[in-house]
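Asker: As given, the protein sequences belong to chains A and B, one line each in that order.
FYI, the UniProt record's numbering numbers position 56 of the first sequence as 56, with every residue one higher than the one before it.
FYI, the UniProt record's numbering numbers position 176 of the second sequence as 176, with every residue one higher than the one before it.
Glycine included, every Cβ here is placed at the ideal spot set by N, Cα and C.
2 protein chains.
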Amino acid sequence: MSEDDEAPRGRRRGSIGARRNPETEAAVLMAAQALLAEKGYAGFSIDEVARRAGAGKPTIYRWWPTKADLFVAVYEQDKAAFVADPHAGDLKSDLIAYTRALWTFWRDSPAGCTFRALVAEAQGSKAALAALRDKFLPERVRTLRNIFARAAVRGEIDAADVEALLELYVGFNWLRMLTDRIADDKAAVDRMARLIAGARGDRKAG
Amino acid sequence: MSEDDEAPRGRRRGSIGARRNPETEAAVLMAAQALLAEKGYAGFSIDEVARRAGAGKPTIYRWWPTKADLFVAVYEQDKAAFVADPHAGDLKSDLIAYTRALWTFWRDSPAGCTFRALVAEAQGSKAALAALRDKFLPERVRTLRNIFARAAVRGEIDAADVEALLELYVGFNWLRMLTDRIADDKAAVDRMARLIAGARGDRKAG
């Protein structure tokens with residue numbers, strides 16, 4: 001246990017119980033975001049976030065059990081500021097708008113540009129893999145799933161294909177991010193969006 | 001420079017010039033494969049490969065400038081034993097056969113199951129990223145490109161879409177590998193193959 005863990009509980013914000021204190025939560029997320037901008041994912045630590053936020057480490061660990069979990073919370077908060085649901089009216093246009101905003105976020109935001117480090121950590125840590133696969137991914141594809149679901153309602157794609165198309169879309173983006181090819185490549189994004197929006201498969205024939 | 005680098009050149013195999021000596025090349029690849037099986041990518045080092053193969057480090061570095069390059073060479077050699085071009089006669093069947101063989105390779109071969117570690121290393125090392133993106137990927141999609149090119153000749157897909165469909169396919173596989181979901185999931189593989197084989201896009205309409 002570190003010195004911080006042994007400090008009197010009453011002196012720290014947010015250690016009153018399992019329910020989150022919004023003020024402490026905001027202070028922790030703000031400290032995490034600033035630390036990420038300064039040091040990147042490699043230099044990101046819960047110890048340092050606790051110190052900067054004036055919050056107890058036990059509290060932070062109760063809300064975000066791993067470094068990956070806390071990172072994901074900052075990522076989600078920042079992403080919402082960059083990537084909105086475009087509601088463009090058709091799947092291809094929605095995917096183009098969403099992708100270009102996502103790539104801008106990945107390039108420009110501290111949380112976005114260190115996301116590659118989380119994927120890397122998940123290859124060597126079971127806890128980081130679980131955070132990435134079981135918390136991060138389901139959470140982060142929510143807007144995308146709405147985009148695909150609306151396209152199914154409009155009859156552009158088959159409702160039974162929503163999850164599989166979502167997976168193709170996410171895979172394309174991961175491949176681009178992990179090989180550092182997320183410059184604003186309008187032609188490639190348009191092509192991808194056209195193919196995914198037009199992928200009806202030969203369900204009747206096959 | 002290590003002690004090994006200062007040893008007399010004549011005592012080592014393969015240090016006679018820029019042209020590769022097939023015997024030394026085979027010895028190095030065999031040593032690299034065995035080391036990978038024993039220690040994984042994290043414990044893989046050119047020092048140890050040189051020692052086991054009785055080859056000079058300068059020679060190895062001339063042929064494979066980084067650990068990532070040598071890993072890629074072992075990967076290619078092993079993959080050829082697991083994943084052949086299926087020549088099934090249609091794109092959907094080719095993709096199903098290829099994917100299931102690829103996932104078996106990724107699960108069962110030492111080089112296959114440590115490929116995730118190379119992708120992770122590429123997120124923190126520019127040399128590993130260059131090896132992955134500029135050498136590994138173009139080399140490794142050769143059979144796949146043939147599969148898609150034959151489908152274009154048969155009129156199943158548009159020839160102009162080969163590269164973009166290849167990218168969707170590779171992205172799907174990376175996403176599955178990096179989130180450790182490469183069990184033999186026949187239903188998911190079939191669905192993906194049906195959608196990619198049926199992705200004609202609305203080229204005429206759009």
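1) Check B:A160 in the structure and name its three-state DSSP category.
2) Expressed to the nearest angstrom, what Euclidean distance is found between the alpha-carbon atoms of A:F148 and B:V170?
3) Within the 8 Å Cβ cut-off, does B:A111 reach chain A?
4) Check this for me: beta carbons of A:K135 and A:V72, under 8 Å apart or not?
5) Since I believe B:Q33 is in contact with B:D78 (beta carbons under 8 Å), could you give me their beta-carbon distance rounded to a whole number of angstroms?
6) Would you mind stating whether B:T114 and B:Y41 have Cβ atoms separated by less than 8 Å?
7) Run through DSSP, which three-state label would A:A111 get?
8) Quick check: the Cα distance between B:K126 and B:E139, rounded to an integer number of angstroms?
9) What is the DSSP secondary structure of A:A26, counted as helix, strand or coil?
10) Note down, in chain order, every chain B residue with its Cβ under 8 Å from the Cβ of A:W174.
11) Can you tell which of A:A50, A:A151 and A:R145 has the C-alpha that lies nearest to the C-alpha of A:E25?
12) List the DSSP bridge partners of residue 270 of chain B.
13) B:E167 touches chain A at which residues, Cβ-Cβ below 7 Å?
14) Look up A:A101 in the DSSP assignment and give the residues it is bridged to.
15) So the alpha helix (DSSP H) A:T143 belongs to, where does it begin and stop?
16) Kindly list, in the order they appear in chain B, the residues whose Cβ is closer than 9 Å to that of A:G43.
17) Measuring only the C-alpha atoms, how far is B:I157 from A:L29?
18) Compile a chain-ordered list of the residues in the UniProt domain "HTH tetR-type" (22 to 82) of chain A whose CB is closer than 9 Å to at least one CB of chain B.
19) Determine the contact status of B:Y75 and B:A120, defining contact as a CB-CB distance below 8 Å.
20) Would B:L166 and B:R145 qualify as a contact pair, given that the criterion is a beta-carbon distance under 8 Å?
21) Any beta carbon from chain A within less than 8 Å of B:L195's own beta carbon?
22) Just checking: is the beta-carbon of B:L132 within a distance shorter than 8 Å of some beta-carbon in chain A?
23) Between A:W63 and A:R20, is the Cβ-Cβ spacing less than 8 Å?
24) Report the neighbours of A:L102 on chain B: residues whose CB is nearer than 7 Å to its CB, in chain order.
25) Can you give me the start and stop residues for the alpha helix (DSSP H) that A:L195 sits inside?
26) Can you tell me the Cβ-Cβ gap for A:I96 and A:K67, rounded? I've got them flagged as a contact below 8 Å.
27) Nearest to B:A81 by alpha carbon, out of B:G89, B:L102 and B:D90?
Answerer: Quick look at the numbers:
1) Along the second sequence, read from residue 1 onward, the residue named residue 160 of chain B stands at position 160. Helix.
2) Your numbering for residue 148 of chain A matches position 148 in the first sequence. Your numbering for residue 170 of chain B matches position 170 in the second sequence. Those two C-alpha atoms are separated by around 21 Å.
3) Within the second sequence, numbered from 1, the residue matching residue 111 of chain B stands at position 111. No, its Cβ sits nowhere closer than 8 Å to a Cβ of chain A.
4) As a working mapping, residue 135 of chain A is identified with position 135 in the first sequence. As a working mapping, residue 72 of chain A is identified with position 72 in the first sequence. In contact: A:K135 and A:V72 (Cβ atoms closer than 8 Å).
5) Position 78 of the second sequence holds residue 78 of chain B. Position 33 of the second sequence holds residue 33 of chain B. That pair is a contact at about 7 Å.
6) Counted from its first residue, the second sequence places residue 114 of chain B at position 114. Counted from its first residue, the second sequence places residue 41 of chain B at position 41. Going by C-beta atoms, B:T114 is nearer than 8 Å to B:Y41.
7) The count along the first sequence starts at 1 and reaches residue 111 of chain A at position 111. A:A111 falls in the helix class under three-state DSSP.
8) Along the second sequence, one-based indexing puts residue 126 of chain B at 126. Along the second sequence, one-based indexing puts residue 139 of chain B at 139. Answer to the nearest angstrom: the Cα atoms are 19 Å apart.
9) Here residue 26 of chain A is taken as the residue at index 26 of the first sequence, counted from 1. A:A26: helix per DSSP, three-state reduction.
10) Locating residue 174 of chain A in the first sequence gives position 174, where the first residue counts as 1. The answer, in chain order, is G171, W174, L175 and L178.
11) Position 25 of the first sequence, counted from the start, is the residue given in the question as residue 25 of chain A. The residue with the shortest Cα to Cα distance from A:E25 is A:A50.
12) Any answer about residue 270 of chain B is impossible in this case: the structure gives chain B only from 1 up to 206.
13) As a working mapping, residue 167 of chain B is identified with position 167 in the second sequence. Those within 7 Å of B:E167 in chain A are F172 and L175.
14) Here the question's residue 101 of chain A lines up with position 101 in the first sequence. In the DSSP output, where bridge partners are listed per residue, A:A101 has none listed.
15) The count along the first sequence starts at 1 and reaches residue 143 of chain A at position 143. Start and end: R142 to V153.
16) Counted from its first residue, the first sequence places residue 43 of chain A at position 43. Those within 9 Å of A:G43 in chain B number zero; the least Cβ separation is about 12 Å.
17) As a position in the second sequence, residue 157 of chain B is number 157, starting the count at 1. As a position in the first sequence, residue 29 of chain A is number 29, starting the count at 1. When rounded, the distance between both Cα atoms is 48 Å.
18) A42
19) For the purposes of this step, residue 75 of chain B is taken as residue 75 along the second sequence, with counting starting at 1. For the purposes of this step, residue 120 of chain B is taken as residue 120 along the second sequence, with counting starting at 1. Going by C-beta atoms, B:Y75 is not nearer than 8 Å to B:A120.
20) Numbered from its first residue, the second sequence carries residue 166 of chain B at position 166. Numbered from its first residue, the second sequence carries residue 145 of chain B at position 145. Their beta carbons are under 8 Å apart, which means B:L166 touches B:R145 by this criterion.
21) Numbered from 1 along the second sequence, position 195 holds the residue referred to as residue 195 of chain B. Judged by the 8 Å Cβ criterion, B:L195 is in contact with chain A.
22) Position 132 of the second sequence, counted from the first residue, corresponds to residue 132 of chain B. Yes, its Cβ sits closer than 8 Å to a Cβ of chain A.
23) Residue 63 of chain A sits at position 63 when you count from the first residue of the first sequence. Residue 20 of chain A sits at position 20 when you count from the first residue of the first sequence. For A:W63 and A:R20, yes; Cβs fall inside 8 Å.
24) The sequence position of residue 102 of chain A within the first sequence is 102, counting from 1. Ordered by position in chain B, no residue passes the 7 Å Cβ test against A:L102, which lies about 14 Å from the chain.
25) Here the question's residue 195 of chain A lines up with position 195 in the first sequence. Here the alpha helix (DSSP H) through A:L195 covers K186 to A197.
26) Counting from 1 along the first sequence, the entry for residue 96 of chain A is found at position 96. Counting from 1 along the first sequence, the entry for residue 67 of chain A is found at position 67. Contact doesn't hold; Cβ gap of about 34 Å is too wide.
27) Along the second sequence, one-based indexing puts residue 81 of chain B at 81. Nearest option by C-alpha distance: B:L102.
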